[in-house]
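Numbering (the numbering used here), first residue to last: -19 to 1006.
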């Protein structure tokens, strides 16, 4: 029972190196061992070294010990068989003696290998034919893709060229406006200095006139002086009001010009919006049928699924929430409820009619209305007393517009991120009525906050697919969601009351910190934030893995005996205690958590800006009147009682109709229950077939619709940008029109004022002239001074008008400069590359050489190229480069394999040819030697005879050999003429000649002398011994 193996060995003397097997020349002995172990397993050893059975077989072949063709075993029956052998069989004995028989076996195996390699070549050729066809197709698609890519590059260059030209033009206008404003301001200052000088001269002339006229007016009295003062005062007032009128008219004209420009810009924008809208309509029309078809299919699928679930639940259709039995019970309850409510309403109608007759309540309502009116008056007074500064509303509206723009931008960003993270969104339908959605906590990835962004790749690798698991409060909630939640994809649910967490114990955490340092290995759970109620789920996801800063630290943590906990490096390489390592390239690692982090930040910013926007809108609403609220309240008070009565009557009629309807529903449901039990199975199978067919149609329709929706979304974004710009211009135009209306009314009022002053002035002047006609002592010097004074006064008026015009021009230029600055800032904000490349704008020899390329033609080329690229983009395969590279690699790999196989074939054929030639030479030498020894041995054993080996007539020695015998000089035609003893001697002579050519280490002779007499036996014994 204790024996488990058996061993047998054979030892060969290898002292003669000339006859040693190849590779064993340095061994004095060769020991071959076979060992059999319990269970049937065999082991072979050569000189104590484990060897394959084929190695042992080759060793024996090399020393003529071929077990499959044992010529070293000479038995009694074999003696006579030798002479009956055919020529090829005798040749095989010769081959065995020469050692070429082993080569034939190897040759047959090599030929089989050649056949296999040829079949492999044929298979590769077939694959190559397929690959060539695929390569041709991919090559054409690659050409299309390269054409589209080069078009995109050209399109991007044209866009940048046009944007650069627009940027340069706006900047030139802004810069030129600044210099022009400075020039005009300098002219205004110069005019002010000239006006001061002229006013000084006028003042001096007035003093001279006063002195000259003082004496003359003394005789006339104070009447002339009073009238003169009055005329002067009216003249000054007339000049002042006329200047104001001219200034306002200039302002009005300037604002009208600005409004006209804004109108032109609006027309251009409207045309662009219409073009985008037309493109959107075309896209919508193109996708209308697909969308309609998809919606119909989706609706049909939803209806069929609801009907299917309804039939399973015992309902007549899927739209019903309860089965037919429950509906019948509810309908009966409803009949009783409606009947009770109908009685209550009739009672209420009678009570309301009684209340209508009571005047006290009407009086109290009227008093309440008066009180409300007083409250409204009080509110109005409070509103009028509110402090309001000019421009406060405009500033609030401007801030509101900027906040709206920020909110829209954040919404777009959130929408884009949500689209990218669609697989993280968990949507479901309430599995039961009045389902509490707070039981579903959400997807793990959305329930955590990463404390350090550098650990995101490691945390994402740690959680793996668990990031997409859904956390719920209990297993019952999870079961309800899986059965009735109408889930669109497969999900894994984590119930908080059942999940078994496997967090690393504090002992292991302390051992890890001690091993690699406190900050070098932290539990993944400590790197994320979460609500306390989610602790068990987070321990299940993150509690059993350490995040390490370096690879060495991760290796120490994973393989240390005290810790032996899975660890992950910051780059995402995983070390398992079992020895399994996972890592390498992790392009984009942690991208999911980064996107979720950005989405959370964007949502928080959106809440802040929406709160600010709400506050601004509240401030704006505080400035609006409260009159409408009062009027609505008054109307409600007057109609309240009447409406209550009418409502009660209407409700009574409705309840009566409802009662009748419920009674009919009860009978209909009883009938439906009977029909449903009869055809339930047939309806279920029909619904299953319809659902399967509609799902396949929806899949194809969804793919077609997606392309149209992407194009439509791009066009809508362009249109929204234009609409926003259009709204900005419209608000600017409205402001300008309001200002124009105000200026027009002011100009009219100023005209009336100037006309009144001019009338008063003319009347006073006529009175003064009448008095002065009486004064004959008027001096010509006074007249000249007055004329000069009037000229200077007219000059001052003209200077003031010119100053006002230039001030208006400065305002216009500053407004234009502000608009250009805003456009330049918008361009810089929208296109970040302008800041880095603006020094190249307009420079010759660059991509922005406006002299060598017409910007208007470039704009036309851009629009044309955009149309071409949009058409080409729908047909191009964007993955073709990777597909072509992969197909080309496969083709090259197949060609390489084919070449290797062809080379192997040629090498094998060459080796076979060389060995065939060597075999032929070896066989020829063996034949000559064996033939000589054969004749010598036979003539020795049987004197007076000769024997030889020769090929059959008409054949070569490679085709076979036959034995020929001669007695004396006569060659026998057939060996059958020989006696039994002669035949035995002849066979033994041939065998001994073969053994003499290349002796084997051992021979076994079994009664070979059975047919011989004693003398021949003794001769053979002596020959073998010598």
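Glycine included, every Cβ here is placed at the ideal spot set by N, Cα and C.
Review point. From residue 78 to residue 880, what distance separates their C-alpha atoms?
Key: When rounded, the distance between both Cα atoms is 34 angstroms.
Practice item. Count the other CB atoms, across all protein chains shown, that sit within 10 Å of the CB of residue 668; report buried if there are 16 or more and exposed otherwise. Key: Counting the other CB atoms within 10 Å of its CB gives residue 668 a total below 16, which places it among the exposed residues.
Review point. So, is residue 509 buried or exposed, given that buried needs 16 or more other C-beta atoms within 10 angstroms?
Key: Label assigned to residue 509: exposed.
Point to revise | Expected contact under 8 angstroms - CB spacing of residue 795 and residue 235 to nearest Å | key: At roughly 10 angstroms, the Cβ-Cβ gap does not stay under 8 angstroms, so residue 795 and residue 235 are not in contact.
**Study point:** Cut-off 8 angstroms between Cβ atoms - residues of its own chain near residue 775, not counting five sequence neighbours on either side
**Key:** Listed in chain order, the non-local C-beta contacts of residue 775 below 8 angstroms within the same chain comprise 178, local neighbours out to five positions each way being set aside.
Exercise for review: Can you grab the Cα-Cα spacing for the pair residue 220 / residue 718, in whole Å?
Suggested key: Their backbone Cα atoms lie some 26 angstroms apart in a straight line.
Practice item. Determine, using beta-carbon pairs with one atom in the region 536 to 555 and one in the region 418 to 438, whether at least three such pairs fall under 8 angstroms. Key: Contact between the region 536 to 555 and the region 418 to 438 is present, because at least three Cβ pairs lie under 8 angstroms.
Point to revise | Continuous beta strand (DSSP E) stretch holding residue 504: start and end | key: That residue, residue 504, is in no beta strand (DSSP E); it is neither H nor E in DSSP.
Review point. With distances taken between CB atoms, is the gap from residue 768 to residue 185 smaller than 9 angstroms?
Key: Taking 9 angstroms as the Cβ cut-off, residue 768 and residue 185 qualify as a contacting pair.
**Study point:** Where the alpha helix (DSSP H) containing residue 522 begins and where it ends
**Key:** Note, residue 522: alpha helix (DSSP H), 515 to 522.
Review point. Roughly how many angstroms lie between the CA atoms of residue 862 and residue 118, to the nearest whole one?
Key: Per the coordinates, the alpha-carbon of residue 862 lies some 10 angstroms from the alpha-carbon of residue 118.
Point to revise | Under the three-state DSSP convention, the category residue 511 falls into | key: DSSP places residue 511 in coil when its eight states are reduced to three.
Review point. Starting from residue 864 and walking both ways along the alpha helix (DSSP H), at which residues does that stretch end?
Key: Element bounds for residue 864: 860 to 921.
**Study point:** Residue interval of the beta strand (DSSP E) (run including residue -14)
**Key:** -15 to -7 is the span of the beta strand (DSSP E), which, as asked, contains residue -14.
Point to revise | Under 9 angstroms between C-beta atoms of residue 226 and residue 781 | key: Contact: yes.
**Study point:** Range of the contiguous alpha helix (DSSP H) that encloses residue 440
**Key:** 436 to 443 is the span of the alpha helix (DSSP H), which, as asked, contains residue 440.
Review point. In chain order, which alpha helix (DSSP H) runs of at least 4 residues are fully inside the region 54 to 113?
Key: Unbroken alpha helix (DSSP H) stretches of 4 residues or longer found wholly inside the region 54 to 113: 56 to 63 and 67 to 78, given in chain order.
Review point. How should residue 1002 be labelled, buried or exposed, when 16 other C-beta atoms within 10 angstroms of its C-beta is the threshold for buried?
Key: Counting C-beta atoms within 10 angstroms of its own C-beta, residue 1002 has fewer than 16 neighbours from the protein chains shown and is therefore classed as exposed.
Review point. Alpha carbon to alpha carbon, how far is residue 1008 from residue 681?
Key: Limits of the chain in this structure are -19 at one end and 1006 at the other, which puts residue 1008 out of reach.
Point to revise | Straight-line gap, residue 189 to residue 207 (C-alpha atoms, nearest Å) | key: Their backbone Cα atoms lie some 15 angstroms apart in a straight line.
Check your understanding: So what's residue 929 in DSSP terms, helix, strand or just coil?
Key -> Note: residue 929 maps to strand in three-state DSSP.
Exercise for review: Just the C-alpha distance for residue 672 and residue 874, rounded to the nearest angstrom, thanks.
Suggested key: If I take the Cα positions, the gap works out to 42 angstroms.
Review point. Taking the C-alpha atoms as reference points, what is the distance between residue 101 and residue 484?
Key: Their Cα atoms are separated by approximately 57 angstroms.
Exercise for review: Just the C-alpha distance for residue 251 and residue 554, rounded to the nearest angstrom, thanks.
Suggested key: Straight across, the Cα-Cα distance linking residue 251 with residue 554 is about 59 angstroms.
Exercise for review: Entirely within the region 945 to 983 and at least 3 residues each: give me those beta strand (DSSP E) ranges in chain order.
Suggested key: Runs of the beta strand (DSSP E) inside the region 945 to 983: none found.
Check your understanding: From which residue to which residue does the alpha helix (DSSP H) around residue 835 run?
Key -> Residues 835 to 855.
Point to revise | Closest Cα partner of residue 899 within the set 87, 22, 70 and 38 | key: Nearest option by C-alpha distance: 87.
Check your understanding: Which class does residue 557 belong to by DSSP, given the choice of helix, strand or coil?
Key -> DSSP places residue 557 outside both helix and strand once states are collapsed to three, so it counts as coil.
Point to revise | When 84, 175, 515 and 37 are compared against residue 892, the one with the closest alpha-carbon | key: Looking from the CA of residue 892, the closest CA among 84, 175, 515 and 37 belongs to 84.
Exercise for review: Return helix, strand or coil for residue 27, following the three-state DSSP convention.
Suggested key: Coil at residue 27, not helix or strand.
Exercise for review: Grab me the residues of residue 29's own chain with a C-beta within less than 8 angstroms of its C-beta, minus the 5 sequence neighbours each way, in chain order.
Suggested key: Non-local C-beta neighbours of residue 29 in its own chain, meaning closer than 8 angstroms and more than five positions away in sequence, are absent.
**Study point:** Selected residue, minimal CA-CA separation from residue 43, among 448, 70, -6 and 699
**Key:** Answer by Cα proximity: -6.
Check your understanding: To which residues of the same chain is residue 488 closer than 8 angstroms at the C-beta, ignoring the five residues directly before and after it?
Key -> Cβ neighbours of residue 488 beyond the five flanking positions: 542, 543 and 545.
Check your understanding: In this structure, does DSSP put residue 423 in helix, strand or coil?
Key -> Taken through DSSP and simplified to helix, strand or coil, residue 423 comes out as strand.
Review point. To the nearest angstrom, how far is it from the Cα of residue 907 to the Cα of residue 1004?
Key: The straight-line gap separating the alpha-carbon atoms of residue 907 and residue 1004 is approximately 21 angstroms.
Check your understanding: Under 9 angstroms between the Cβ atoms of residue 498 and residue 453?
Key -> Their beta carbons are not under 9 angstroms apart, which means residue 498 does not touch residue 453 by this criterion.
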